[in-house]
Amino acid sequence: MAWDILIVGGGSAGCALAGRLSEDPRRRVLLLEAGPAFPDAASFPPEVRDVASLGGAADDHALNWAFPTELAAGRRATTARGRLLGGSSAINGANHVRATRADVDGWYGWRWADALAAYVRGEDDHDFDGPAHGHDGPVPVERPADELLAGLTQRVVRGAASLGVPAEPDKNAGGAPGVGLVPANAVHGVRVNAAMAYVLPALDRENLTVRGDTPVARVLVERGRAVGVVTAAGERVEAAETVLAAGAVKSPQLLALSGIGRADELRAAGVEVLVDRPGVGHGWSDHPSVFLGFPHDESLHPEAVSTQALVHLDAGALDPALPADPAGDLEVLLFCRPFSPGGPRHLMCALQQPESRGSSVLVDADPSRSPRLEHHYLASALDRARMRAVVRFADDLLAASGLATRRPRSDAELDAWIAGSLTTSSHLCGSAALGAPDDPAAVVDPEFRVHGVEGLRVVDASVVPVVPRRGPAATALMLGERAAALMRP
Ligand SMILES: Cc1cc2nc3c(=O)[nH]c(=O)nc-3n(C[C@H](O)[C@H](O)[C@H](O)COP(=O)(O)OP(=O)(O)OC[C@H]3O[C@@H](n4cnc5c(N)ncnc54)[C@H](O)[C@@H]3O)c2cc1C
């Protein structure tokens, strides 16, 4: 066989995995990416390089998959995903915040120490030292410099403090949730995506081949073993081991197209069933969110960069009627840049541990057709109550920061406003969740191996059983690091 390892998808996890595995010159690694593979950092489009821009995530951007979805009954939207070498890390907010220990403690067969070691290996933290921080990794992590904090960010940090929110200066220290600055994988305003960090510096390795513009159609499974893939162009590519790192929408779709998934769903789509795993594409979670806009006078509060304040809160501490979550189950994130020139600034309010679970149904054996995605956001009364609590807090925060007057609203008014404003953080996780072999919801084991098929792993955000209490970007990179360590011969 030409390849030892074939990786499908060069996103956050796939790039980390390809970069690390190819450090061993004896491993012949092939990475197939559906979108373009820009050859160096300067070739990425400006809106992809500029960390203050979310232009790459615009619905009509060529580098965004923009999967159609239904967030809640009747509320249609798209969920953004990067379609290029670098994947979603190339179009995301670049907030690099680790999952909490409480998140990883809930993963079957994982220990926090292993996750922490993998986070540390990947990072080069420019601000904080100590054993819980890395300095040799390829991913730079920086908080905004003090001199840039004259504007909105500082107002919001002070506003939160005046409301009794504790300071959390290092969001990656594993301390109690509070208010702090966003650690970002960016240097000098450039978003350092996973391709820049892990793959582009490795392109001269003879044992690593990266092919862009090569969408994969399905995995080839013969006598219970994955032997490679078929590309959309019909090319058969064989490898001793195949890894799906196509992200939380496409990895489960590729499993289903290959006959691994919910049997009745596969048959209805015209796909022969090889392994009945009901968890493929089902039971995933994401962070429901709403944006609270507020007017902003640039001359009063100039902001040099898109510095962001990030607040994590325990819903139970805001409202004793809500369950306590000491790790922080609510998030408020300041966006300093307007979404359109002259427009309002925003606080994003999000549920970090929603009860709602999504489904991703294979509707067609044609790999170019998207699965039918449904988020089922705010279906539970508890989720609606927690969302009201975080929006009310954000209203208070604006008032305390001198940015807008408080808008008291009844529960019914607030529910209606939230339903009409609902959006997604695009943090989909758990569509091919890790878990025990006898757990029908589980798709992979703790070492990322697909239950019921030899020679096949899934390494990306799909395997995280429940969306973590913090954004999943740092965690997707960590999964690539962890998988590479486990796959060493
Ligand atoms: C707009 C936006 C903003 C976000 N902001 C943040 C943030 O600030 N902080 C945070 O923590 N998280 C954020 N996230 C989430 C975070 O970026 C993702 O969870 C994370 O990058 C997912 O990594 P992944 O490896 O699972 O998948 P991805 O990075 O999406 O990689 C999947 C890759 O597989 C490729 N692929 C797909 N199908 C195929 C196929 N058939 N054949 C070959 N290749 C294929 C894709 O093109 C892509 O390159 C954001 C996401 C988006 C979209």
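Reminder that position 278 of the sequence shown reads as 327 in the working numbering, one-by-one numbering, no gaps. Quick reminder that beta carbons are idealized off the backbone N, C-alpha and C, glycines included. From a predicted model like this one, the values you see are computed outputs, not experimental measurements.
Selection from the options that minimises the alpha carbon distance to residue i
i, options, result
"arginine 272", "Ser405, Tyr247, Leu505, Asp73", "Leu505"
"aspartate 415", "Phe442, Glu380, Ser307", "Ser307"
"arginine 132", "Tyr168, Asp173, Ala295, Leu230", "Ala295"
"glutamate 119", "Ala246, Arg274, Ser475, Ala101", "Ser475"
"glycine 277", "Glu284, Val268, Gly283", "Val268"
"proline 372", "Leu431, Ser334, Asp335", "Leu431"
"threonine 524", "Ala148, Ile54, Gly104, Gly59", "Ala148"
"glycine 84", "Arg76, Phe93, Leu367", "Phe93"
"arginine 441", "Pro495, Val381, Ala490", "Val381"
"aspartate 176", "Arg170, Arg192, Leu165", "Arg192"
"histidine 336", "Gly104, Trp114, Thr128", "Thr128"
"arginine 76", "Glu172, Gly155, Arg254", "Arg254"
"alanine 485", "Gly469, Ala465, Val512", "Val512"
"leucine 257", "Trp156, Asp219, Ile54, Gly223", "Ile54"
"arginine 437", "Leu422, Ser417, Ala461, Ala266", "Ala461"
"serine 480", "Ser389, His145, His331, Leu315", "His331"
"serine 71", "Arg316, Asp313, Leu249", "Leu249"
"alanine 115", "Arg124, Arg130, Ser102, Gly123", "Arg130"
"aspartate 89", "Ala251, Asp73, His182, Asn113", "Ala251"
"serine 211", "Pro538, Ser450, Arg537, Arg518", "Ser450"
"phenylalanine 340", "Leu367, Ala399, Asp325, Gly365", "Ala399"
"glutamate 290", "Phe497, Arg518, Gly229, Val516", "Phe497"
"valine 205", "Val360, His110, Pro457", "Val360"
DSSP-derived helix/strand/coil call for residue i
i, result
"valine 241", "coil"
"glutamate 503", "strand"
"leucine 134", "coil"
"tryptophan 161", "helix"
"tryptophan 466", "helix"
"cysteine 398", "strand"
"proline 85", "coil"
"proline 189", "strand"
"threonine 454", "coil"
"proline 250", "helix"
"alanine 353", "Its pLDDT being 49, under 50, alanine 353 is placed unreliably in this model, and the value from its coordinates should be taken loosely. Looking at alanine 353 - three-state DSSP - the assignment turns out to be coil, as it is neither helix nor strand."
"valine 153", "helix"
"glycine 59", "coil"
"cysteine 64", "helix"
"aspartate 108", "coil"
"glycine 529", "helix"
"alanine 434", "helix"
"arginine 170", "helix"
"glutamate 321", "coil"
"glycine 332", "strand"
"valine 442", "Looking at the sequence shown, residue 442 is not valine but phenylalanine. Helix."
Beta-bridge pairing of residue i - partner residues as DSSP gives them
i, result
"proline 337", "Thr473"
"alanine 235", "Arg240"
"serine 409", "Leu422"
"aspartate 99", "Val239"
"arginine 518", "Partner(s): none; arginine 518 has no beta bridge."
"glutamate 287", "Gly277"
"glutamate 255", "Glutamate 255 pairs with nothing; no bridge assigned."
"proline 117", "Thr127"
"valine 228", "Ala216, Val360"
"asparagine 144", "Ala233"
"cysteine 478", "Ser334"
Other residues of its chain near residue i: CB distance less than 7 Å, five sequence neighbours each side excluded
i, result
"proline 215", "Ala225, Gly227"
"glutamine 203", "none"
"methionine 527", "Ala164, Ala167, Tyr168, Gly171"
"proline 375", "Asp363"
Nearest-angstrom beta carbon gap, residue j and residue i [assumed within contact, 8 Å]
i, j, result
"threonine 454", "alanine 126", "About 30 Å separates the two Cβ atoms, so there is no contact after all."
"leucine 446", "alanine 209", "6 Å"
"alanine 534", "alanine 67", "Alanine 534 to alanine 67, Cβ: 14 Å. No contact."
"proline 403", "valine 412", "That belief does not hold up - the Cβ atoms of proline 403 and valine 412 are roughly 25 Å apart, past 8 Å."
"alanine 604", "valine 329", "The shown model of the chain, from 50 to 538, leaves out residue 604, and the question about it has no answer."
"valine 508", "histidine 500", "Wrong, their Cβ atoms sit about 15 Å apart, outside the cutoff."
"methionine 397", "phenylalanine 388", "Their Cβ separation, rounded to whole angstroms, is 11 Å, which puts methionine 397 and phenylalanine 388 out of contact at 8 Å."
"valine 190", "valine 57", "Between valine 57 and valine 190 the Cβ distance is about 28 Å, and since that is not below 8 Å, they are no contact."
"arginine 285", "glycine 310", "Not really, about 22 Å apart at Cβ, beyond 8 Å."
6 Å Cβ shell around residue i - same chain, five flanking residues per side excluded
i, result
"arginine 274", "Glu503, Gly504"
"alanine 244", "Cys64, Leu134, Gly135"
"isoleucine 137", "The sequence given here has serine at residue 137, not isoleucine. Excluding sequence neighbours, serine 137 sits near Gly60, Arg130, Gly131."
"aspartate 108", "Ala115, Thr127"
"glycine 105", "Glu96, Val97, Leu112, Ile140"
"glycine 319", "Ala414"
Own chain partners of residue i with C-beta closer than 8 Å, once the 5 adjacent residues on each side are dropped
i, result
"aspartate 99", "Gly238, Val239, Arg240"
"proline 6", "Since the first residue shown for the chain is 50 and the last is 538, residue 6 is missing from the structure and cannot be characterised."
"tyrosine 157", "Leu483, Gly484, Ala485, Asp488, Ala491, Pro495, Pro514"
"proline 393", "Gly342, Phe343, Pro344, His345, Pro387"
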